[in-house]
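Participant: Each number in this note's numbering corresponds to the 1-based position in the sequence shown with 15 added. This is the structure, below, for whatever I ask next.
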Amino acid sequence: MKIMTALMSGLLFGWGLSLGGMTQPAVVLGFLDIFGRWDPRLAFVMGGAVATTALGYRWVLRRPQPLFEDCFRVPSLRHIDGRLIGGAALFGIGWGIAGYCPGPALASLGGGSLSVAVLLATMILGWWLAARLLPAQRNLVQPASKDHRRTS
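Okay, structure coming up:
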């Protein structure tokens with residue numbers, strides 16, 4: 016059941032990315048071209064994603080525990096450091112150059128595009144190199160406390 020839920024969630028996510036135009040690099044690059052022919056459609060996709068996530072977290076974290084795990088695992092660190100900023104910058108640069116970020120690239124892989132396959136291969140190589148070359152990181156995700164509800 017856990018695998019089926021993950022599969023269905025992934026398919027729904029990919030469908031949403033495709034429906035929102037995120038699997039079309041021209042739409043993404045048009046959104047990033049604020050001084051040219053700016054295409055605002057992606058702002059609505061992002062706004063919908065943020066609203067859905069915010070509501071989803073509030074609803075899910077009211078449950079005593081997840082359906083398929085023994086506890087919720089939520090990020091515990093709240094500070095911004097150089098590694099976070101550097102990673103965000105690399106992500107943004109890659110997104111701006113390629114017109115894809117990881118989710119839409121995976122969703123686009125079914126189209127059989129060689130450029131998407133090369134992008135994903137280099138992305139995986141980058142993850143592998145980062146895991147090997149950067150110092151080991153402490154676990155940034157810890158189980159939520161028994162009272163995981165947010166008061167704010």
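Backbone N, C-alpha and C define an ideal beta-carbon position, used for all residues, glycine too. None of these values were measured; they are calculated from a predicted model.
Taking Met61 as the reference, which of Trp74, Val42 and Arg73 has the closest Cα?
Facilitator: In the sequence shown, counting from the first residue as 1, residue 61 sits at position 46. Per the Cα distances, Val42.
Participant: For Arg73, does the three-state DSSP call read helix, strand or coil?
Facilitator: Sequence index remark: in the sequence shown, residue 73 carries index 58 (1-based). In this structure, Arg73 counts as helix in the three-state DSSP scheme.
Participant: Check whether the region 44–55 touches the region 123–140, counting contact only when three or more Cβ pairs, one atom from each stretch, lie closer than 8 angstroms.
Facilitator: no
Participant: Could you give the DSSP three-state label for Pro119: helix, strand or coil?
Facilitator: On the sequence shown, residue 119 is found 104 positions in, with the first residue counted as 1. Pro119: helix per DSSP, three-state reduction.
Participant: If I'm right that Thr20 touches Phe59 with Cβ under 8 angstroms, what's the distance once you round it to whole angstroms?
Facilitator: Residue numbering aside, residue 20 sits at position 5 when the sequence shown is read from its first letter. Residue numbering aside, residue 59 sits at position 44 when the sequence shown is read from its first letter. Thr20 to Phe59, Cβ: 28 angstroms. No contact.
Participant: Taking only three categories from DSSP, how would you classify Pro40?
Facilitator: Taking the first residue of the sequence shown as 1, we reach residue 40 at position 25. Pro40 falls in the helix class under three-state DSSP.
Participant: What does the alpha-carbon distance come out to for the pair Arg78 and Leu129?
Facilitator: Residue mapping note: residue 78 aligns to position 63 of the sequence shown, counting from 1. Residue mapping note: residue 129 aligns to position 114 of the sequence shown, counting from 1. Rounded to whole angstroms, Arg78 to Leu129 spans 43 angstroms at the Cα level.
Participant: Considering only the beta carbon of each residue, do Leu32 and Pro119 sit closer than 7 angstroms?
Facilitator: Position 17 of the sequence shown holds residue 32. Position 104 of the sequence shown holds residue 119. Yes; because the gap between Cβ atoms is below 7 angstroms, this pair is in contact.
Participant: Just tell me which of Gly29, Tyr72 and Gly101 has its CA closest to the CA of Pro90.
Facilitator: Taking the sequence shown and counting its residues from 1, the one referred to as residue 90 is at position 75. The shortest Cα separation from Pro90 among Gly29, Tyr72 and Gly101 belongs to Tyr72.
Participant: On the DSSP letters alone, give me the boundaries of the alpha helix (DSSP H) that Arg93 sits inside.
Facilitator: Stepping through the sequence shown from its first residue, residue 93 is reached at position 78. Boundaries for Arg93: no alpha helix (DSSP H) harbours it, and the DSSP string shows neither H nor E there.
Participant: With a 10 Å radius around its C-beta and 16 neighbouring C-beta atoms as the bar for buried, classify Thr67 as buried or exposed.
Facilitator: Residue mapping note: residue 67 aligns to position 52 of the sequence shown, counting from 1. The residue in question, Thr67, is exposed, as its Cβ has fewer than 16 Cβ neighbours within 10 Å.
Participant: Which two residues bound the contiguous alpha helix (DSSP H) that contains Arg147?
Facilitator: Here residue 147 refers to the residue found at position 132 of the sequence shown. Leu129 to Leu148 is the extent of the alpha helix (DSSP H) around Arg147.
Participant: For Gly35, I'd like the list of residues in its chain whose CB is within less than 7 angstroms of its CB, leaving aside the five on either flank, ordered along the chain.
Facilitator: Within the sequence shown, residue 35 is the residue found at index 20, counting from 1. Once the five neighbours on either side are set aside, the close Cβ partners of Gly35 are Val60.
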